[in-house]
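J.: Mind looking over this structure? Questions follow.
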Amino acid sequence: MEEIIVHGKGREKRWVLRKDQRVSGLYTYQPQEETLTGNIYFGKVVKVQKGLGAAFVDIGQDKNGYLHEKEFPQNIAAYHSGDAALPIGKCVHEGQKILVQVTKDAAGTKGPKLSAVIELKGELLVYMPEGHYIAVSKKLDEMKRRELKREGKDWKKEGEGIVFRTNASTAERKELIGELDALRTRFLALEGLSRRSKAPAILYKEDAFYADLFEQLKRGRGGNIYVDDFSCFEHLRTWIDTHYSGKWSIEHYRQSENIFHHFGVSGDWKNALKKVVWLDNGAFLLIEATEALTVVDINSGKFTGKDDLEQTVLQTNKLAAVEMAKQLALRNISGIILIDFIDMKKESHREEVLTVFTEALQSDSQRTTILGFTSLGVLELTRKRTRPSLDEYLTVPCPVCSGTGRIISPESKAFQLERELWEYQGTDTFQIIIEATADVFEVFAGSDKQHVRRLEKALNINLDLQVIDHPHPHYQIGKIS
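This is the structure:
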């Protein structure tokens, strides 16, 4: 049984997925940081970089989009036919107007990733006007996959591409053809809109809040939905009655208490931002995220185990593997991920941990590629990125430590202050008022203020020290007379 708890009131929307009373997904949508993934733009090529094999496209955002040569229809066709791919210079030129779709949000200094192969999603299939290939969900049996591929080849026009979704297996032929025709009509409307638009312009915008919710309702096992906003409740109820009546029940939450407090999940948001994740046996994971990659260290902590050391290590690593698979989805960690398990001497133990981790990833809707253990025993993997992680959505870099997790010590601040004061030597300055935290003054002044007195004599300036409160070691030079 699954539960989906939706907070639809206010500008920021959030929802929680809970399976068997355990939170397995946290999702937040802020108006100023909506995902661009899935949006379709009429863009303008501003630069073609032959060395990178890519073009940069103005889509009207802060950063230009990145469009690689492999994301063009002609190269998709070449890949599936076995022909050589065309270089970027033969795919597009500077100043060209082009339809593109965002496949990955901007991250750090990188702009959004784009594709010139447009995908329009339906309930049963995905239509690509210039996709050139037929594909079927791998969740279907081989016989059904062959059948749908056969029919797709009959239905598609030259150059088109179709991906049959899992739901297509139970749909009637006329439903599939009807949805395909509807998506064709939708694309023709987008083309018409582009001809009337001035680049850059947005042609289609996904409502990520509802899109993600609908995706979860499609693939979920079924259960209960609780929604605190009436308009959101009505929208979801209408969609469920149309597509999944009987699988999900939905209830409008009317109480004054915050819906997350009521269902006991409000603390999970805070926990999902912590670096340390404790396991039931006293071991823990230490999760460190950077712009380039995420590193996870497994530590046995308080757990010593009842068996020999090797079994203790194996048991801890298996528990950590299950928890890490959960944290990937919970925090929406993506990109390059390195997991430093506790060192295992036996190859069979590594294989056992890898099997447990792979099985735990089965419930994750995002594609994860496991590359295996390095010679140092670190597990390498990548997880597809479509939108920012929970950490990126809910936090900003610390202005003091700039993301390092460390701040300047009181000693360094005191010596910095001293260097700054030496600049006043030989001037007409009579007195300087200095405001600083007590820990900085303790180092700066020295025992019985001996250092202050020596500095005052050397500078021939009176130093007026005033203690202030501040969250970290700090000083500022105030009035100078």
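Taken in order, the sequence shown gives residues 245 to 725; the numbers are from the working numbering. The beta-carbon is built from N, C-alpha and C at its ideal position, and this holds for glycine as well.
Mind reading off the beta-carbon distance from R575 to A527? Whole number of angstroms is fine, and I expect it under 8 Å.
T.: Translated into positions along the sequence shown, residue 575 becomes position 331. Translated into positions along the sequence shown, residue 527 becomes position 283. No, R575 and A527 are not in contact; Cβ-Cβ is about 19 Å, not under 8 Å.
J.: What separation, rounded to the nearest whole angstrom, lies between the Cα atoms of S438 and G339?
T.: Here residue 438 is taken as the residue at index 194 of the sequence shown, counted from 1. Here residue 339 is taken as the residue at index 95 of the sequence shown, counted from 1. S438 and G339: Cα-Cα distance of roughly 16 Å.
J.: Do the region 419 to 436 and the region 361 to 369 make contact, defined as three or more Cβ pairs closer than 8 Å?
T.: Contact holds: three or more Cβ-Cβ distances are below 8 Å.
J.: Going by C-alpha distance, which of E679, I678, Y285 is nearest I446?
T.: Taking the first residue of the sequence shown as position 1, residue 446 is located at position 202. Minimum Cα distance to I446 is reached at Y285.
J.: Look up L384 in the DSSP assignment and say whether it is helix, strand or coil.
T.: Residue numbering aside, residue 384 sits at position 140 when the sequence shown is read from its first letter. L384: coil per DSSP, three-state reduction.
J.: Using only alpha-carbon positions, find the residue among L434, G621, V539 that is nearest to E595.
T.: Numbered from 1 along the sequence shown, position 351 holds the residue referred to as residue 595. Looking at the Cα atoms, G621 is the closest of the given residues.
J.: Please state if the CB of L537 and the CB of K519 are separated by a distance shorter than 9 Å.
T.: As a working mapping, residue 519 is identified with position 275 in the sequence shown. As a working mapping, residue 537 is identified with position 293 in the sequence shown. Contact: no.
J.: Going by beta-carbon coordinates alone, are E416 and P373 separated by less than 9 Å?
T.: To locate residue 416, count along the sequence shown from 1; it is residue 172. To locate residue 373, count along the sequence shown from 1; it is residue 129. No, the Cβ-Cβ distance between E416 and P373 is not below 9 Å.
J.: DSSP three-state call for Y488: helix, strand or coil?
T.: Along the sequence shown, read from residue 1 onward, the residue named residue 488 stands at position 244. Here Y488 sits in coil by DSSP.
J.: Checking the sheet assignment: what are the DSSP bridge partners for W399?
T.: Against the sequence shown, residue 399 aligns to sequence position 155. W399 is not bridged to any residue.
J.: Should L432 go down as buried or exposed, given a rule of 16 or more other Cβ atoms within 10 Å for buried?
T.: On the sequence shown, residue 432 is found 188 positions in, with the first residue counted as 1. Under this definition L432 is an exposed residue.
J.: Is the separation between the beta-carbon of T614 and that of H716 shorter than 9 Å?
T.: Against the sequence shown, residue 614 aligns to sequence position 370. Against the sequence shown, residue 716 aligns to sequence position 472. Note that residue 614 is Ile in the sequence shown here, rather than Thr. Contact flag unset, no.
J.: Hey, A455 and K341 are a contact pair by Cβ (cut 8 Å); roughly how many whole angstroms apart?
T.: Residue numbering aside, residue 455 sits at position 211 when the sequence shown is read from its first letter. Residue numbering aside, residue 341 sits at position 97 when the sequence shown is read from its first letter. Actually they do not touch by this definition, with Cβ atoms about 27 Å apart.
J.: So V344 packs on G309, CB below 8 Å; how close in whole Å?
T.: Numbered from its first residue, the sequence shown carries residue 344 at position 100. Numbered from its first residue, the sequence shown carries residue 309 at position 65. V344 to G309, Cβ: 6 Å. Contact.
J.: D541 to V597, Cα distance in whole Å?
T.: As a first step, residue 541 is located in the sequence shown; it is residue number 297 there, counting from the start. As a first step, residue 597 is located in the sequence shown; it is residue number 353 there, counting from the start. Taking the straight line joining both Cα atoms gives about 15 Å.
J.: To test your reading of the DSSP string, which unbroken alpha helix (DSSP H) runs of 4 or more residues are found completely within the region 665 to 693?
T.: Correct list: 682 to 689.
J.: For the alpha helix (DSSP H) that contains R627, what are its first and last residues?
T.: To locate residue 627, count along the sequence shown from 1; it is residue 383. Careful: R627 lies outside any alpha helix (DSSP H), inside the beta strand (DSSP E) at 622 to 627.
J.: Suppose contacts are defined by Cβ-Cβ distances below 9 Å. Is R629 in contact with A351 by that definition?
T.: Along the sequence shown, one-based indexing puts residue 629 at 385. Along the sequence shown, one-based indexing puts residue 351 at 107. Going by C-beta atoms, R629 is nearer than 9 Å to A351.
J.: Return the CA-CA distance between I378 and A604, expressed in angstroms with no decimal places.
T.: What you label residue 378 is simply residue 134 of the sequence shown in a count that begins at 1. What you label residue 604 is simply residue 360 of the sequence shown in a count that begins at 1. C-alpha separation (whole angstroms): 30 Å.
J.: Have a look at L234 and G355 and give me their C-alpha separation to the nearest angstrom.
T.: Nothing about residue 234 can be read from this structure; the chain reaches only from 245 to 725.
J.: Taking the beta strand (DSSP E) that I712 belongs to, which residues open and close that run?
T.: For the purposes of this step, residue 712 is taken as residue 468 along the sequence shown, with counting starting at 1. Segment: none, I712 is in no beta strand (DSSP E) and carries neither H nor E.
J.: Can you give me the Cβ contacts of N411 inside the same chain, cut-off strictly under 8 Å, excluding the 5 residues immediately before and after it?
T.: Walking along the sequence shown from the start, residue 411 turns up at place 167. Once the five neighbours on either side are set aside, the close Cβ partners of N411 are E367, L368, K462.
J.: Quick one: residues in its chain with C-beta nearer than 8 Å to the C-beta of D524, no 5 flanking neighbours on either side, listed in chain order?
T.: Here residue 524 is taken as the residue at index 280 of the sequence shown, counted from 1. Here the set comprises L563.
J.: Using a Cβ distance threshold of 8 Å, determine whether the region 483 to 503 contacts the region 262 to 275, with at least three qualifying pairs required.
T.: In short, these stretches do not touch, since the Cβ pair count stays below three.
J.: Pull the bridge partners of E495 from the DSSP assignment, please.
T.: Against the sequence shown, residue 495 aligns to sequence position 251. E495 is bridged to Y470.
J.: Within 10 angstroms of its Cβ, does P654 collect 16 or more other Cβ (buried), or is it exposed?
T.: Taking the first residue of the sequence shown as position 1, residue 654 is located at position 410. Buried is the call here.
J.: At 4 residues or longer, and completely inside the region 537 to 592: list those alpha helix (DSSP H) runs for me, N to C.
T.: The qualifying runs are 553 to 575.
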